[in-house]
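Structure, as structure tokens:
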Amino acid sequence: MDPVLSESVEPVLRDLARTQVDAPRFDDHDWIGDREYVSCMMWSADGSGSGLSVRRAASREERVAHAADQVQEWAIENRLWTSAPTNWPPCPIHPASHPLRASVAASNAAWVCPIDHSVVALIGEIREDLFGIG
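For the sequence shown, numbering that gives the first Met the number 0 assigns the number 0 to the initial residue and increments by one for each residue that follows.
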């Protein structure tokens, strides 16, 4: 995987692991074909795939938040046909309502409540106790 893309996706992969959600399988297929972006494919166990891309010139925080948003979409879609909740990561303030939103807040890539805009955790630093794990 391209080092820029690897650095961008690594924090959200830690969050997947901490919340006991399987990560996608990645391959280096650069499907976007634009030098300003780096891309790869994410694959589910069932063989379905989604593209992941980040803009090389974006700040690290913007790249991490953008990658987290795409991995979050993959995780939610991957859970649609299972008994698992689809609001990953769930908002601990409104757990039955919505997932957190990947965003840049106060110069950090963060998981933010989309209702009250409070920062719940930095991307890559989700605490298991917030989600009833561990």
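Where a beta carbon is used, it is the ideal one built from N, C-alpha and C, also for glycine.
Does residue i come out as helix, strand or coil in the three-state DSSP assignment?
{"i": "residue 56", "result": "coil"}
{"i": "residue 4", "result": "helix"}
{"i": "residue 27", "result": "coil"}
{"i": "residue 12", "result": "helix"}
{"i": "residue 95", "result": "coil"}
{"i": "residue 63", "result": "helix"}
{"i": "residue 20", "result": "coil"}
{"i": "residue 133", "result": "Summary for residue 133: the model assigns pLDDT 44, below 50, so the residue's position carries little reliability; its value from the coordinates is reported in the next sentence. The answer is coil: DSSP assigns residue 133 none of H, G, I, E or B."}
{"i": "residue 83", "result": "coil"}
Start and end of the beta strand (DSSP E) containing residue i?
{"i": "residue 111", "result": "107-111"}
{"i": "residue 37", "result": "36-42"}
{"i": "residue 100", "result": "100-104"}
I need the straight-line Cα distance from residue i to residue j, nearest angstrom please.
{"i": "residue 55", "j": "residue 2", "result": "10 Å"}
{"i": "residue 133", "j": "residue 33", "result": "Because the pLDDT at residue 133 is just 44, under 50, the model does not fix this residue reliably, and the value given afterwards should be weighed accordingly. C-alpha separation (whole angstroms): 42 Å."}
{"i": "residue 44", "j": "residue 112", "result": "29 Å"}
{"i": "residue 105", "j": "residue 76", "result": "29 Å"}
{"i": "residue 18", "j": "residue 85", "result": "13 Å"}
{"i": "residue 90", "j": "residue 80", "result": "21 Å"}
Of the choices the options, whose alpha-carbon is the least far from that of residue i?
{"i": "residue 59", "options": "4, 98, 71, 120", "result": "4"}
{"i": "residue 26", "options": "17, 37, 106", "result": "37"}
{"i": "residue 101", "options": "91, 69, 78, 85", "result": "69"}
Check your understanding: Are there three or more Cβ pairs, one per stretch, closer than 8 Å when the segment 7-26 is compared with the segment 55-66?
Key -> Taking 8 Å as the limit for Cβ pairs, the verdict is that the segment 55-66 does touch the segment 7-26.
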